[in-house]
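See structure below.
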Amino acid sequence: MSDPPSAVDPETDLRTVLDRMADGFFAVDDDWRVTYANERGAEMIRDAMADGEGGVTEADGAGDAIEGTHLWEAIPEAVDTEFYDRFHRAMETQESASFDEYYPPLDTWFDVRAFPSDSGLSVHVRDVTERHDLERQRRRNLRAIQRLYAVSSDGDRSFEAKLEAIFELGCEYLELPNGFLTRIEDGTQHIQASHATHPALERGETCPLEEAYCKRTVELDRLLTVVDAANEGWEEEPAYERFGLGTYIGGRVEIDGELSGTLCFADTDARKEPFSDLQKTFVELLTRWVSYELERERTQAQLQRERDRLEEFASVVSHDLRNPLNTAAGHLELLAAESDSEHVEPVQRSLSRMETLIEDLLALARDGVRVEALAEIGLAELVSDAWSTAETADAELTVELDRTRIRADESRLRQLLENLFRNAVEHGGDDVSVRVGTLGDASGFYVEDDGPGIPEDDCERAFEAGYSTSDEGTGFGLSIVEEIVAAHDWTVTAGESESGGARFEIDGVEFAEGTDAGSEESGEDAFGGG
-18 MSDPPSAVDP
-8 ETDLRTVLDR
2 MADGFFAVDD
12 DWRVTYANER
22 GAEMIRDAMA
32 DGEGGVTEAD
42 GAGDAIEGTH
52 LWEAIPEAVD
62 TEFYDRFHRA
72 METQESASFD
82 EYYPPLDTWF
92 DVRAFPSDSG
102 LSVHVRDVTE
112 RHDLERQRRR
122 NLRAIQRLYA
132 VSSDGDRSFE
142 AKLEAIFELG
152 CEYLELPNGF
162 LTRIEDGTQH
172 IQASHATHPA
182 LERGETCPLE
192 EAYCKRTVEL
202 DRLLTVVDAA
212 NEGWEEEPAY
222 ERFGLGTYIG
232 GRVEIDGELS
242 GTLCFADTDA
252 RKEPFSDLQK
262 TFVELLTRWV
272 SYELERERTQ
282 AQLQRERDRL
292 EEFASVVSHD
302 LRNPLNTAAG
312 HLELLAAESD
322 SEHVEPVQRS
332 LSRMETLIED
342 LLALARDGVR
352 VEALAEIGLA
362 ELVSDAWSTA
372 ETADAELTVE
382 LDRTRIRADE
392 SRLRQLLENL
402 FRNAVEHGGD
412 DVSVRVGTLG
422 DASGFYVEDD
432 GPGIPEDDCE
442 RAFEAGYSTS
452 DEGTGFGLSI
462 VEEIVAAHDW
472 TVTAGESESG
482 GARFEIDGVE
492 FAEGTDAGSE
502 ESGEDAFGGG
């Protein structure tokens, strides 16, 4: 007959389970002496003891020697810390405690849960340093992106000021001391801007592209990253010999799809770990932003050169035309006083049309520039003022605008309205009716008339310079309207009014805060021409 199986010792079984835990566990009595520690808990206590002034080494505290140790005498650095305070409070109140706390001597974050009893305290400890590091890096990434957006969208800073701020941000975020923008031209790398401690990477420095890290960068359609140049095959490269960079990250900068240069960050020391995906994305965002800004600067410079040439041309033309025009007008005035010839009036109309053509030409040259300073303007009041100064003959104006204030350049908006009113009279006749009102979605306003309208096929051409369906029109009026609208970042479309006339809708208008675009308080005003 076989012997019965031996009984399992519950305490031994529990110790086995606890020792298999990846987290630390230990217990202390009411005198703060360790009564039990699982393998991980003993390891944590030994680490803290070895780091402290108690002089206890791993050998001294090995195995069961941890049990019986006075917790605070063995780890004096933990006295007067959050651990000390929370453990004592739990013991005194007999209420469990749960908290995360950083322990500087071990450079470690711990997730701690303490459970009191009449005889002492049981403590569960988990190392959560990695979790805290990830959270800290997440906050750091978010803060860097927020700062990048704030700098790049700051309308009060010049491109150069933005670039300097972004270099500072990039160097701080990537933990690299050198940030620089290059221009590559005729096989030479020019440092166009930089925030650098390396003398060869300061602004104004140049070198042959063959001797630069950027030689490889421009050959790629992605970022070039170097973490440890000496161990990545760079020691024999001319770039390594010239600059001695151990760490590098950079990408292509393009203007209109063509290579302009590179945007890079670097250090002479090697990096301990690879660049993260978020760090690489950050640098890619910077290269795209710089590419966009350089494209915009080039476009603005080209537009300004073209506008300067146009304005110069317009000024010369207006000067050369006005002199003979004034002479002809003077002689015509004398002729009209001496003769009642039927030919005088047509000549007067022709000279007047020439004067209008000159004014429109100058307006086209002047009013395409982007509006920078906007002011709050009472739209209804400005409509009435513009009507009173435009040549509207016996036409009639109806205003169905709410008492709404919009943000615009007053003088240019007045010219826009005057041109639309003049266009209505030129095409609809002296007795045309004009109506101005707010768009249904309160995103802008319209000007419409009951004249013959614009042929449907010609609505898109209506704003082309020189286009007109009237023999009296100059063909520039609506082109000027479109220029002024574009300068405000608005849009304008031409269509048909309910009465079959022309309707022009100006959309994208910014209404001043506090105005009610759908209010019924405002009345309907009618103005006769004359």
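Under the working numbering, the first residue of the sequence shown is numbered -18, with each subsequent residue one higher. Glycine is no exception: its CB is placed at the ideal position from the N, C-alpha and C atoms. Please read these numbers as outputs of a predicted model, since none were measured by experiment.
Report the CB separation of PHE140 from GLU274 in whole angstroms; it is logged as a contact under 8 angstroms.
Position 159 of the sequence shown, counting from 1, holds the residue named residue 140. Position 293 of the sequence shown, counting from 1, holds the residue named residue 274. So it is a contact: roughly 5 angstroms between Cβ atoms.
So if DSSP puts ASN159 in a beta bridge, which residue, or which two residues, is it bridged to?
Taking the first residue of the sequence shown as 1, we reach residue 159 at position 178. Note: ASN159 sits in a beta bridge opposite ALA247.
Measuring only the C-alpha atoms, how far is GLU111 from HIS69?
To locate residue 111, count along the sequence shown from 1; it is residue 130. To locate residue 69, count along the sequence shown from 1; it is residue 88. Cα to Cα, the separation comes out at about 28 angstroms.
Candidates ARG279, GLU486, GLU54 and VAL207: which alpha carbon is nearest ASP248's?
Mapped onto the sequence shown, residue 248 falls at position 267. Ranking ARG279, GLU486, GLU54 and VAL207 by Cα distance to ASP248 puts VAL207 first.
Per DSSP, TYR17 forms a beta bridge with which residues?
Stepping through the sequence shown from its first residue, residue 17 is reached at position 36. In the DSSP output, where bridge partners are listed per residue, TYR17 has ALA8.
Between which two residues does the alpha helix (DSSP H) harbouring ALA361 extend?
On the sequence shown, position 380 is the one that residue 361 refers to. Element bounds for ALA361: 360 to 370.
Hey, would you say LEU397 sits closer than 7 angstroms to VAL462, going by beta carbons?
In the sequence shown, counting from the first residue as 1, residue 397 sits at position 416. In the sequence shown, counting from the first residue as 1, residue 462 sits at position 481. Yes, the Cβ-Cβ distance between LEU397 and VAL462 is below 7 angstroms.
Grab the span of the alpha helix (DSSP H) containing CYS195 for me, first residue to last.
Reading the sequence shown from its first residue, position 214 is the one you call residue 195. Counting along the chain, the alpha helix (DSSP H) containing CYS195 begins and ends at 195 to 198.
Alpha-carbon to alpha-carbon, ILE387 and ALA493:
For the purposes of this step, residue 493 is taken as the residue at position 512 of the sequence shown. For the purposes of this step, residue 387 is taken as the residue at position 406 of the sequence shown. Just so you know, the alpha carbons of ALA493 and ILE387 end up roughly 5 angstroms apart.
Can you round the beta-carbon distance between VAL9 and LEU87 to whole angstroms, since I take them to be within the 8 angstroms contact cut?
Reading the sequence shown from its first residue, position 28 is the one you call residue 9. Reading the sequence shown from its first residue, position 106 is the one you call residue 87. With 8 angstroms as the limit, VAL9 and LEU87 do not qualify as a contact, their Cβ atoms being about 19 angstroms apart.
Are three or more beta carbon pairs between the stretch 276 to 288 and the stretch 167 to 182 nearer than 8 angstroms?
no
Taking its Cβ as the centre, do 16 or more other Cβ atoms sit within 10 Å of ALA55, making it buried, or is it exposed?
Numbered from 1 along the sequence shown, position 74 holds the residue referred to as residue 55. Burial state of ALA55 is buried, judged by a 10 Å Cβ sphere holding 16 or more other Cβ atoms.
At which residues does the alpha helix (DSSP H) containing VAL132 begin and terminate?
Residue numbering aside, residue 132 sits at position 151 when the sequence shown is read from its first letter. 110 to 133 is the span of the alpha helix (DSSP H), which, as asked, contains VAL132.
As assigned by DSSP and simplified to three states, the class of TRP270
The residue you call residue 270 lines up with position 289 of the sequence shown. For TRP270, the three-state secondary structure derived from DSSP is helix.
By a C-beta neighbour count over all protein chains shown, 10 Å radius and 16 as the cutoff for buried, is SER241 buried or exposed?
Along the sequence shown, one-based indexing puts residue 241 at 260. That one is buried.
Would you call the CB atoms of THR228 and THR198 closer than 7 angstroms?
For the purposes of this step, residue 228 is taken as residue 247 along the sequence shown, with counting starting at 1. For the purposes of this step, residue 198 is taken as residue 217 along the sequence shown, with counting starting at 1. Their beta carbons are not under 7 angstroms apart, which means THR228 does not touch THR198 by this criterion.
According to DSSP, is THR206 helix, strand or coil?
Position 225 of the sequence shown holds residue 206. Looking at THR206 - three-state DSSP - the assignment turns out to be strand.
With THR170 as the anchor, note down where its beta strand (DSSP E) starts and where it stops.
On the sequence shown, position 189 is the one that residue 170 refers to. The sequence as given places Gln at residue 170; Thr does not occur at that position. Unbroken beta strand (DSSP E) run through GLN170: 169 to 176.
Residue range of the unbroken beta strand (DSSP E) whose run includes SER414:
Counting from 1 along the sequence shown, the entry for residue 414 is found at position 433. Run containing SER414: 414 to 419, per the beta strand (DSSP E) assignment.
Alpha helix (DSSP H) containing TRP53: first to last residue?
By 1-based counting over the sequence shown, the position of residue 53 is 72. It spans 52 to 55 - the alpha helix (DSSP H) in which TRP53 sits, taken as one unbroken run.
Endpoints, alpha helix (DSSP H) assigned at GLY409
Walking along the sequence shown from the start, residue 409 turns up at place 428. It spans 391 to 409 - the alpha helix (DSSP H) in which GLY409 sits, taken as one unbroken run.
What does the Cβ neighbour count give for PHE6, buried or exposed, with the cut at 16 atoms within 10 Å?
Start at 1 with the first residue of the sequence shown, and residue 6 comes out as number 25. Counting Cβ neighbours within 10 Å, PHE6 comes out buried, since at least 16 surround it.
Buried or exposed, going by whether 16 or more other CB atoms sit within 10 Å of the CB of ALA517?
With the chain represented from -18 up to 511, any question about residue 517 goes unanswered, as that position is not in the structure.
Work out the CA separation of ASP28 and GLU34 for me, nearest whole Å.
Numbered from its first residue, the sequence shown carries residue 34 at position 53. Numbered from its first residue, the sequence shown carries residue 28 at position 47. For GLU34, the predicted model reports a pLDDT of 47, less than 50, meaning its position is unreliable and no value from the coordinates is stated.
So, with DSSP's three-state summary, where would you put ILE26?
As a working note, residue 26 is residue 45 in the sequence shown. Helix.
Please look up how many angstroms separate the CB atoms of PHE246 and VAL264, rounded, as I've assumed it's under 8 angstroms.
Translated into the one-based positions of the sequence shown, residue 246 becomes position 265. Translated into the one-based positions of the sequence shown, residue 264 becomes position 283. Contact flag correct, Cβ pair sits at about 7 angstroms.
Give the straight-line distance between the Cα atoms of GLU183 and LEU144, rounded to the nearest whole angstrom.
If you number the sequence shown from 1, residue 183 lands on position 202. If you number the sequence shown from 1, residue 144 lands on position 163. Looking at the two C-alpha atoms, the distance is approximately 14 angstroms.
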